[in-house]
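In full-length UniProt numbering, the protein residues as written are 1 to 292. Ideal Cβ placement from N, Cα and C applies to all residues, glycine included. The model shown is predicted, which means the values in this text are computed figures rather than measured ones. Below is one structure, written out as structure tokens; the observations come after it.
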């Protein structure tokens, strides 16, 4: 599915290892379905993908536009905020000192327009690049009023007992809060309802996020191991998350750009693309209404 030469590591920092997350995301975007046609990605004809780490993202994207002519950028990552789970216990990010009271619902980073959000907005405006972000998977994290960190360290761990409700609304994290990007939540395609983990808006300034949702529960795509999903092929695995939903939208955005070029530019050799706002509007206005 991800044949040699299609996915190229572009970052100056070498990749530590092949990882299932990036492999799975890439397969959803552009897998050819070589092992199983039913597992084909959304834009299987894409021939050149440039891969980067999240550090310095806006500068790397800007450079890739000029060097490689990229038209869409998938970002299945975001800032770590709120509750997370490690080693069977919950911890709070960004970490606070041991013994300090913390309140997940009042965590100010959720819904905030900060850090590199303005830089992403400017890049979309000035370059015409379609940028897609996953909304994050924090909605079903625990939130039961104020808890207290129990241990010092990078992961200030707390006991999970008694945390019996969810973060709920107002859980979209930076950089998915950026105005000009397409923010993608996850829906359970089998039931037609939002995935329990998928972050909801609004943002702090009242904007609706995510902009659109895509299937993100039990998504079968490429895997980096020999573990088989169905006993027939050895290169696919089911995963879930808004990270799995975003690349579907990115792949479809690439197809819309291709369709525009074929319809309006034909054999001229020109490579103009629609405004990112046009692609965003086409995606949102042609999507199926899933209710609340």
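Using CA coordinates, which residue listed in 40, 78, 287 is at the minimum distance from residue 311?
For residue 311 there is no data in the structure shown, the boundaries of the chain being 1 and 292.
Those residues which DSSP pairs with residue 276 across a bridge:
Bridge partners of residue 276: none, in fact.
So what does residue 71 bridge to, in DSSP terms?
DSSP, once it has assigned bridges, lists no residue as partnering residue 71.
Could you say if the segment 239 to 250 and the segment 111 to 129 meet the contact criterion of at least three C-beta pairs nearer than 8 Å?
no
Thinking C-alpha only, which one of 129, 136, 260, 204 is nearest residue 186?
136
Apart from the five residues on each side of it in sequence, which residues of its chain come closer than 8 Å, Cβ to Cβ, to residue 256?
274, 279, 282, 283
Whole-angstrom distance between residue 26 and residue 19, CA atom to CA atom:
11 Å
DSSP state of residue 50, grouped into three classes?
strand
What is the residue span of the alpha helix (DSSP H) that residue 183 lies within?
Note, residue 183: premise wrong, no alpha helix (DSSP H); beta strand (DSSP E) at 182 to 188.
Going by DSSP, what residues sit across from residue 134 in a beta bridge?
184
State the beta-bridge partners of residue 40 as determined by DSSP.
Its beta-bridge partners do not exist; DSSP assigns none.
Taking the straight line between their C-alpha atoms, what separation do you get for residue 73 and residue 219?
20 Å
Would you mind giving the Cβ-Cβ distance between residue 183 and residue 110, rounded to the nearest angstrom? I have them listed as a contact below 8 Å.
About 13 Å; that fails the 8 Å criterion.
Assuming residue 245 and residue 134 form a contact by the criterion Cβ under 8 Å, report the distance between their Cβ atoms to the nearest whole angstrom.
7 Å
Going by DSSP, name the residue or residues bridged to residue 212.
184
Could you check the C-alpha separation between residue 201 and residue 51 for me, to the nearest Å?
29 Å
Can you pull the DSSP bridge partners for residue 244?
BP columns for residue 244 are empty, so no partner.
Per DSSP, which residues does residue 249 bridge with? Please list them.
For residue 249, which the question treats as bridged, DSSP gives no partner whatsoever.
Per-residue DSSP class, three states only, for residue 116
coil
Comparing C-alpha positions only, which one of 130, 31, 196, 264 sits nearest to residue 48?
31
Looking at residue 199: is its Cβ nearer than 8 Å to the Cβ of residue 112?
no
Give me the Cα-Cα distance between residue 70 and residue 115, rounded to the nearest whole angstrom.
24 Å
Could you have a look at residue 193 and say whether DSSP puts it in helix, strand or coil?
strand
Does residue 271 pass the burial test, meaning 16 or more other C-beta atoms within 10 Å, or should it be called exposed?
exposed
By the 10 Å Cβ neighbour count, where 16 or more other Cβ atoms means buried, how is residue 259 classified, buried or exposed?
exposed
For a test of the three-state rule: what should DSSP assign to residue 264, helix, strand or coil?
helix
Apart from the five residues just before and just after residue 117, which ones in its own chain have a Cβ nearer than 7 Å to its Cβ?
174, 175, 177, 178
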